[in-house]
Amino acid sequence: MAPAPRPKSLKDKVQALEKQLEEANASRRAAENDLQEARETIERQATALAAASTSAGGSGHSDTDPHSHAYDGNDENGGQVEDLIPRPEVEAGKRICIQAAMGIDRKAYKRIQRTVRQLVPVVGLDWRLDFRLQDAEKLGKLYRLAVKAHAVLGRYKNNWATAELLKMYLQNARGHARKMGYLEPAVQKGSNRRRRV
């Protein structure tokens, strides 16, 4: 029987592992730089998208039309035309009819809904998490970009309309992922049963 090959000395193994670690760290730093560049590119594209959406939605609308993308809630002299619209009161467990509460037509509502959906990955929100678990800074960034894209969103107190659209999107995305088997079913609070979503 042939003798087993003699293992390298411990010192050689440590040196090899240190070299691998250096290479992995260099690779990680390069990936972090690439990721940062990608985020900056996405931010520039989101800003351009917001500007393009605003300019595209402006044709045929008056600057003081509350349904126009260019509406900012101010009159020509910079004075406030109306107060911010508060979130409607609803019974616990009931849903808000967002479009009706916003007071906008279906076409404008769909444009705003699409923008909110597109901004989720741009700002880095995790669609797998409930709205209440999202990072506050990322939410604020989404609100600012949404108002930049659709100035009418600035009319709603504490960004409630944008928040409701976002909640609806996150809930629907998670429900679809569960239905398709991408996510585990949600567990109801205070129960060992899994909830169907």
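214 is the number that our numbering gives the last residue of the sequence shown; the numbers go up by one with no jumps.
For every residue, glycine included, the Cβ atom is placed at its ideal position computed from N, Cα and C.
Quick check on residue i: does DSSP put it in helix, strand or coil?
i: Y173; result: strand
i: H78; result: Confidence is the limiting factor: at H78 the pLDDT is only 38, short of 50, which leaves the residue's position unreliable and the question unanswerable from this model.
i: I115; result: helix
i: I121; result: coil
i: P138; result: helix
i: E151; result: One detail in the question is off: residue 151 reads as Gln in this sequence, not Glu. Three-state result, Q151: coil.
i: H167; result: coil
i: G157; result: helix
i: S26; result: coil
i: Y199; result: coil
Since residue i contacts residue j with CB under 8 Å, what's their CB separation in whole angstroms?
i: V133; j: Y186; result: 6 Å
i: L162; j: Q130; result: That pair is no contact at about 14 Å.
i: R191; j: W144; result: 7 Å
i: A166; j: L66; result: 7 Å
i: K155; j: L142; result: 5 Å
Once you ignore the five residues that flank residue i on each side, which residues in its own chain have a CB closer than 8 Å to its CB?
i: K127; result: none
Identify the residues that DSSP records as bridge partners of residue i: which are they?
i: I102; result: Y173
Whose C-alpha, out of the options, is nearest the C-alpha of residue i?
i: Q116; options: W177, D100, A203, A48; result: W177
i: A180; options: E40, P103, G198, R56; result: P103
i: F148; options: P138, A168, Q188; result: Q188
i: D122; options: K111, D152, V169; result: V169
Can you give me the Cβ contacts of residue i inside the same chain, cut-off strictly under 7 Å, excluding the 5 residues immediately before and after it?
i: N101; result: Before going further, note that residue 101 is Leu rather than Asn in the sequence given. Same-chain partners within the cutoff: R172, Y173, K174.
i: N113; result: Note that residue 113 corresponds to Ile in the displayed sequence, not to Asn. Once the five neighbours on either side are set aside, the close Cβ partners of I113 are P105, V107, E181.
i: P184; result: Looking at the sequence provided, one finds Lys at residue 184 rather than Pro. The answer, listed in chain order, is F148.
Between residue i and the rest of its own chain, which residues show a CB-CB distance below 6 Å, the 5 nearest in sequence each way excluded?
i: L27; result: none
i: L159; result: L136, V140
i: M119; result: A178
i: A109; result: none
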